[in-house]
Structures are given as C-alpha cells and as structure tokens.
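Protein chains: 2
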Amino acid sequence: MGITIKDIAKFAGVSATTVSKIINNKDENISDATRQRVLDLMKEYNYVPNKIAKSLVTKKTNTIGLVIPDIRNPFFPELARGAEDRANEKGYNIIFCNTDDDAEKEEKYINMLVEKMVDGIVFTASSRRGSEFNKGNKFSVPIVVVDRDIDIEGIKGKVTVDNFIGGYQGTKHLLDLGHREILFLSGPLKSKTSINRLEGYKKALKEFNVDFDEEYVIEGNYKSQWGYEAVKNIGNKIKYTALFCGNDLIAIGAIKALKEMKLKVPDDVSIVGFDDIYMSSLIDPELTTIRQPNYEMGYKAIDILIDALENKEKNVKKIDLIPQLIIRKSTLKR
Amino acid sequence: MGITIKDIAKFAGVSATTVSKIINNKDENISDATRQRVLDLMKEYNYVPNKIAKSLVTKKTNTIGLVIPDIRNPFFPELARGAEDRANEKGYNIIFCNTDDDAEKEEKYINMLVEKMVDGIVFTASSRRGSEFNKGNKFSVPIVVVDRDIDIEGIKGKVTVDNFIGGYQGTKHLLDLGHREILFLSGPLKSKTSINRLEGYKKALKEFNVDFDEEYVIEGNYKSQWGYEAVKNIGNKIKYTALFCGNDLIAIGAIKALKEMKLKVPDDVSIVGFDDIYMSSLIDPELTTIRQPNYEMGYKAIDILIDALENKEKNVKKIDLIPQLIIRKSTLKR
DNA sequence: CTGAAAGCGCTAACAC
DNA sequence: GTGTTAGCGCTTTCAG
Numbered sequence: 001m002g003i004t005i006k007d008i009a010k011f012a013g014v015s016a017t018t019v020s021k022i023i024n025n026k027d028e029n030i031s032d033a034t035r036q037r038v039l040d041l042m043k044e045y046n047y048v049p050n051k052i053a054k055s056l057v058t059k060k061t062n063t064i065g066l067v068i069p070d071i072r073n074p075f076f077p078e079l080a081r082g083a084e085d086r087a088n089e090k091g092y093n094i095i096f097c098n099t100d101d102d103a104e105k106e107e108k109y110i111n112m113l114v115e116k117m118v119d120g121i122v123f124t125a126s127s128r129r130g131s132e133f134n135k136g137n138k139f140s141v142p143i144v145v146v147d148r149d150i151d152i153e154g155i156k157g158k159v160t161v162d163n164f165i166g167g168y169q170g171t172k173h174l175l176d177l178g179h180r181e182i183l184f185l186s187g188p189l190k191s192k193t194s195i196n197r198l199e200g201y202k203k204a205l206k207e208f209n210v211d212f213d214e215e216y217v218i219e220g221n222y223k224s225q226w227g228y229e230a231v232k233n234i235g236n237k238i239k240y241t242a243l244f245c246g247n248d249l250i251a252i253g254a255i256k257a258l259k260e261m262k263l264k265v266p267d268d269v270s271i272v273g274f275d276d277i278y279m280s281s282l283i284d285p286e287l288t289t290i291r292q293p294n295y296e297m298g299y300k301a302i303d304i305l306i307d308a309l310e311n312k313e314k315n316v317k318k319i320d321l322i323p324q325l326i327i328r329k330s331t332l333k334r
Numbered sequence: 001m002g003i004t005i006k007d008i009a010k011f012a013g014v015s016a017t018t019v020s021k022i023i024n025n026k027d028e029n030i031s032d033a034t035r036q037r038v039l040d041l042m043k044e045y046n047y048v049p050n051k052i053a054k055s056l057v058t059k060k061t062n063t064i065g066l067v068i069p070d071i072r073n074p075f076f077p078e079l080a081r082g083a084e085d086r087a088n089e090k091g092y093n094i095i096f097c098n099t100d101d102d103a104e105k106e107e108k109y110i111n112m113l114v115e116k117m118v119d120g121i122v123f124t125a126s127s128r129r130g131s132e133f134n135k136g137n138k139f140s141v142p143i144v145v146v147d148r149d150i151d152i153e154g155i156k157g158k159v160t161v162d163n164f165i166g167g168y169q170g171t172k173h174l175l176d177l178g179h180r181e182i183l184f185l186s187g188p189l190k191s192k193t194s195i196n197r198l199e200g201y202k203k204a205l206k207e208f209n210v211d212f213d214e215e216y217v218i219e220g221n222y223k224s225q226w227g228y229e230a231v232k233n234i235g236n237k238i239k240y241t242a243l244f245c246g247n248d249l250i251a252i253g254a255i256k257a258l259k260e261m262k263l264k265v266p267d268d269v270s271i272v273g274f275d276d277i278y279m280s281s282l283i284d285p286e287l288t289t290i291r292q293p294n295y296e297m298g299y300k301a302i303d304i305l306i307d308a309l310e311n312k313e314k315n316v317k318k319i320d321l322i323p324q325l326i327i328r329k330s331t332l333k334r
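Line by line, the protein sequences are chains B and H.
Numbering follows UniProt numbering, in which position 292 of the first sequence is assigned residue number 292; successive positions increment by one, without gaps.
Numbering follows UniProt numbering, in which position 117 of the second sequence is assigned residue number 117; successive positions increment by one, without gaps.
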C-alpha cells in the first residue's frame, strides 16, 4: 500500500513499463543491470504489486468462486480442500460461498462473484433444484459443476461420481454376503444422484434375481437425524437384514437407532453407507461404505475450469469418477 | 462483461457520474425520472457493475482472507461457516486458504492476499509457531487472530476460547464424579492453548487436594491416531480411571484403543474430550466434552475485523469465549 | 533495450 | 439535478 510501480520506476530511473515487464517476467529485453536495480529497489521498498489494478486491465483476477451448500456438511471440506489445493498450485485463490441449498442465495452469490470478476465458478447445485439451472442469459462466467449433475447453459465441465456404479457396488456387496431383504434409505429422489444410486441398487437386485419391492425404498434427506428416525419408524413393520444408506450420515443415524432397539450391527443388521466421510472409519462399528473421491472431485473441477480458462478449451469436459467399495466392520455374512 | 457504466450513461443520455450515483444509492439529488430510466436500462442490458474497477478507486475490495491450517480438520468448517455468514451479512466475501500449519505457506498466502488488496485477514496461526508472529514491518493489513493466541504487530483483535476454564471444567467434572487418577492426553505443549488447558487441569486437581503428577500428562498431537497410540502405549503402566483429552479426535482414538483392550467406556474409564466437533454426539458412546464455540469464533472474528475496518476502531478488541461442559455418555461416577 | 501514451471501469471533488 | 475532469495502479501497443 502506498508504494506503487511508478515509485519504483522513479527510484530506478526507468519507466513504469520497464518495471512492469520485470515483474511479469517479460524481461527478455531488459539489461541485467536494470533488472537487478529494479529488483533490489522492490525489495528495499517492500513493493507489493497491486493485482486489482492488474486485473482491471488484464480482465483476469486469478480468483475462482466455490459455491457449495454448506462447508459444515462433512462431504464438503474434502472437496473444498481439493479445490483449494489445485487452485493454489495454479496460482489462483478461492472465494467460498455457502448457499444452504437455497436457490436464491445461489444466484445472489453468483452475482457477487461475477461482479468481483472471478475467472470462473465451481458449483454444487442445490439438491432441491431440478436438473435444470435456469440462469438463462443472465451470467456469462465459465462454470464447472461438481458432485450434483445439473445442466447449465454454457457450462465448461462436469465432475460427478458414477452413482449408478456406487449403488450397484453397495447392493452387490450385501447380496454377495447373502442378504436378500435390503432396505434402501435414500436421499431426496428428486436429484439424479439419488436416482442413479437407486438404479444401481435395482440392477444388482436383478442380477441376483431378487424382486424389487417399492416398499424397500424409503425416501428422506441426507441427515443423520433422518436415518435415525427412519429406522425407528420402520420398527419391524418391514423385515430386513441389511440397510443400504444414501450417505454415511444416514447410516450413522441408523446405527444409533438400531443400537437403541437392541439390534447389533453387523450381527443382526448389516449396513453400507455412502461417501466415506472422515468419521466413518472412526465410529463403532467402522462403517462399510462407498467412498466418494471428494478431494479429487474438487481438485479435478478446478483443474478443468482452469484448463478451460487458460487453454480456451471449447468442448465440455465431463468426468465421472468411480466410487470405491470400502469394506470395514458394519457388514457381515448372512 | 462488455457493458459498462459508460454504455448505460450513453443510452440514458446522462453522464457516468449520474449512473454511478444511482448504483451506489447516493442519489438524493437525482430526479425520479432519471433514476427510473437508468435503472430500467441497467436491467434491460443486464448491466453488472465491475467491482474491481470500483475497488481500484475506493481502495476497498470487500473481501477478507481466512487463513486456517486445514478445512478438513473438523474444527474449522464451523469456524469458517461462522466467518462466512458474518461476512456475507456485511457484504463481504471470503477467500480461504489452507496452510497446513506451515509457516512458509502462511506467509505466502498472506502475501497473495495483500496483493489482492483484501480489506483484512482472519488468521489461525500454526500451532507449531511460538507465540510471536514475526511479520516485522512486512505487511500492513488489518489482522484478527482466531483460536490460537498469538501476538502480531498491529493486530486488530483476538478471538480465543478460555482454555484455562475449559481445562478446569473438564477436570472438575471428572473429579466430581469421584475420579482421582485422571490422565491428561494433551496436544503439543508448545502452544498456549494446550498450556492453558493443562493449567486448568492443575487448578481443578488442587481444589480437590489431588497431587499433580507429571506422569499423568502425556504430550502428543491433536490427531485421533495419536490418541489411539497413546492409550495403547500406556497399557497398564499407569493406573487411571479417567481420561481428559486435548480434543475430541484424541478422545475418539482413545475410545477405540480402550475398546480393543476390552475396557468399557464409561464403565471402566470415563472420558472427556474437548471441542465438541460435529461427530462427537454421533459416536458411541456419545462423548462428554468441552464445547468450543467454533461458529461463534469465526463469526465474532469477522465481526471485529469489519468493525475495525469500517469504524476505524483503534483499540485491539480481545474476546475470550467461554467453553461449555457438555455432559453426554462417556463419563460415569467412579 | 527502453519509454510515451492510452486506457481498463469506476468514483470523487467541484463546478454549473 | 447533472456533468467535467482527473485519477486509482497497472499493462499494452508501438515507436525509437
């Protein structure tokens, strides 16, 4: 603050242009003597280049917006960190925004980000939205969508997890273990995410010649509290020996309810979660789950975005990461 | 992008100044007719004001840097969310940075933030640092320190938790329950945080006329893995009926080790954690712990920072939040 | 090798 | 009520 490129130029007896070139390593044609003098002066006066001014002329802020529902949701810290790491490696910073799955907030934030001239946005859409994001022609920032599959006009990329495979893997694992009555505790079936997992579940059942029964699919939300309540509500109205949960939080809630009902996991009921959040390996019993590569998702999303930004990639890049079955202690042979 | 204030001015047949005034609600002296015309035009052409340009002249970006060790550490999402919420309420955005407790990264990030002209920084210092942050005269951004108590030249505020009280509360709870052999599984005793908790522990002991024994303090780090190992290593070399852990993660590791050693929590050993992270109420047994008001810390830190920014508060504001004993299921009468 | 000039999009006196 | 002018700190032709 205070000392500018002009000051340095004056002190060094050169023009601002020269200093600018040196700062930006466009100094092939600058004599070593001049360069050294300028560099020394910059150090001496503790010169800090003003990127805002630079951005104004270059139209590039090296800042990316990360729009997620809520960083407190254990799903997102990993993703955010992956995003931040890649951004940092490439010389970008991340502005993060919590939308609480609220469409209004989403638009408000995106607007703010556009005003601040972010170079692009990585966006996890509200699970309450349908699969269309009606931005219309309103914004024009490059966007990469992550985790939740959604269509946005002019989108630059999509990084999702193959939820179909995940749903299939989890169910198959349970079937392999001999389970046949497998309850599916699903998140909101409005989102493609949940729907695809359910499809995977059906596919596995079919492979094992187990009839699909609608009663075995319970729709709720992605919170631990709901998992708890769902299990309690079901009681023994439905007979089951295994639970496939829409995410780990639901699984954790379910385990708690089961314990209270004096049912043992995995002895009485096997449980498979989805996500592999941080705490899943820390709870008792350690949770068998489908690991989502969250860190990688954030990392890749930023990677694709920056690639689109810097190399003017025109084609939309879609990546479907493969989730992985992590077998721990919450599932057992029937 | 594309359409600027000048364009709008031209379309409306007024000067850019007039449009600027309208945008910024400094329009007491603008006729309703003009205002309406301009407003309509802005909407029609989907005008997005360029805050970068604005920042360049006002020297204010309405952006704040949040520098923390690692968003994946369950301690920080809450804090980050509190910070973001307050920032958002006040019309600011947050750039977040993960330093991995690495002093070099810290400085690199702060540098980047200064270059981007953030209005201020909220900073959680590395636990590996001593209590002095040798910025020297290098930077000049307003800084508010959060969580970790550290002295920085020209600091604008400090938001910490009273760890002494926390240490006291946890230990007293155990003493009240009849425990006398209380192991203290501490984080790195280099930081004031840990030291103060230990002091609280001693104070409580003293009040109950229990002699302090150095052997009962084990120094490690704040990871669950360490809690696990510590308990395993101790085995029955030291006799204890209760564990007071430096944080919840340590406690979770300890519980796991204890289970493996066929010791029951809380029947055989009582455990108190520290932090009350998200998962603490979800594990088995639900953890008795000292709740740190993380959300509030982030919230307050931003609040103080913005206050200093906008009202030119000159005196350093220090807030010591009081932690709270949350009694759950991991402690029992001796 | 180096610099002069113009301009990025906006705001802030001050004048009318 | 509204416009003129100047300038924020930087980069970018283009000329020499």
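Beta carbons are placed, not taken as given, at the ideal position from N, Cα and C, and that holds for glycine.
Within the stretch 236-280 of chain B, the runs of alpha helix (DSSP H) that reach at least 4 residues and sit entirely inside it are, in chain order, 248-260. Beta-carbon to beta-carbon, B:Lys156 and B:Leu305 are separated by about 6 Å, close enough to satisfy the 8 Å threshold. Among the residues facing chain H, B:Val19 is not included, as its CB has no counterpart in that chain under 8 Å away.
DSSP, reduced to helix, strand and coil, places B:Thr124 outside both helices and strands of the structure shown, so it counts as coil. According to the DSSP secondary-structure assignment, H:Phe184 is paired through a beta bridge with H:Val217 and H:Phe244. Here B:Lys232 carries a helix assignment [DSSP, helix/strand/coil]. Spanning the alpha carbons of B:Lys190 and H:Lys59 requires a straight line of approximately 45 Å. Among the bridge pairs identified by DSSP, B:Asp320 is matched with B:Thr160. For B:Ile71, the C-beta contacts it makes with chain H under 8 Å involve Ile71, Pro77, Ala80, Arg81 and Glu84, in order along the chain. Looking at the DSSP output, H:Thr63 sits in a beta bridge with H:Asn93. H:Val144 is bridged by DSSP to H:Val122 and H:Gly157. Looking from the CA of B:Lys203, the closest CA among B:Val265, B:Ala257, B:Gly170 and B:Ser281 belongs to B:Gly170. Of the other Cβ atoms in all chains shown, 16 or more fall within 10 Å of the Cβ of B:Gly273; this residue is therefore buried. Annotation for B:Arg37: the continuous alpha helix (DSSP H) segment containing it runs Asp32 to Glu44.
Of B:Glu214, B:Gly200, B:Gly187 and B:Val210, the smallest CA-CA separation from B:Gln225 is found for B:Gly187.
Neighbours of B:Ala254 in chain H, taken as residues whose beta carbon is under 8 Å from its own, are absent, since the nearest beta carbon is some 11 Å off. Residue contact with chain B for H:Ile283: present (Cβ-Cβ distance below 8 Å to some residue of chain B). Taking 7 Å as the upper bound on Cβ-Cβ separation, chain H lies near residues Asn46, Val48, Pro49, Asn50, Lys51, Ile52, Ala53, Ser55 and Leu56 of the stretch 37-57 of chain B.
By alpha-carbon distance to B:Leu177, the top candidate from B:Gly13, B:Lys333, B:Tyr295 and B:Ser31 is B:Lys333. Setting aside the 5 residues that flank it on each side, H:Arg37 is surrounded in the same chain by Ala12, each with a C-beta closer than 6 Å to its C-beta; the list follows chain order. Within a 10 Å sphere around the beta-carbon of H:Tyr278 sit 16 or more other beta-carbons, which makes this residue buried.
Within the DSSP bridge table, the entry for B:Leu175 names no partner. Judged by pairs of C-beta atoms under 8 Å, the stretch 284-294 of chain H does not touch the stretch 46-58 of chain H, as fewer than three such pairs exist. Within the stretch 258-292 of chain B, the residues whose Cβ lies closer than 8 Å to any Cβ of chain H are, in chain order, Lys259, Tyr278, Met279, Leu282, Ile283 and Asp284. Less than 8 Å separates the beta-carbon of H:Ala257 from that of H:Val231. Per DSSP, B:Leu205 has no beta-bridge partner at all. Residue burial is scored here from C-beta neighbours: B:Met261 has fewer than 16 other C-beta atoms within 10 angstroms and is therefore classed as exposed.
Look at H:Arg72 here: in three-state DSSP terms it is coil, with no helix or strand label.
Judged by DSSP secondary structure, B:Thr17 falls within the alpha helix (DSSP H) whose first and last residues are Ala16 to Ile23.
A distance of 8 Å or more separates the beta carbons of B:Ile110 and B:Leu183.
B:Ile322 and H:Ile165 have their C-alpha atoms some 48 Å from each other. Contact annotation: in the stretch 102-128 of chain H, residues whose CB is within less than 7 Å of a CB in chain B are Met112, Val114, Glu115, Lys116 and Met117. Nearest to H:Asp303 by alpha-carbon distance, out of H:Val265, H:Ile152, H:Glu84 and H:Asp32, is H:Glu84. Using a Cβ-Cβ cut-off of 8 Å, H:Ile68 does not count as an interface residue toward chain B, since no Cβ of chain B sits closer than that to its own. The count of Cβ pairs closer than 8 Å, one atom from the stretch 118-126 of chain H and one from the stretch 58-73 of chain H, reaches three, so the stretches are in contact. In the three-state DSSP reduction, B:Asn98 falls in the strand class (E or B).
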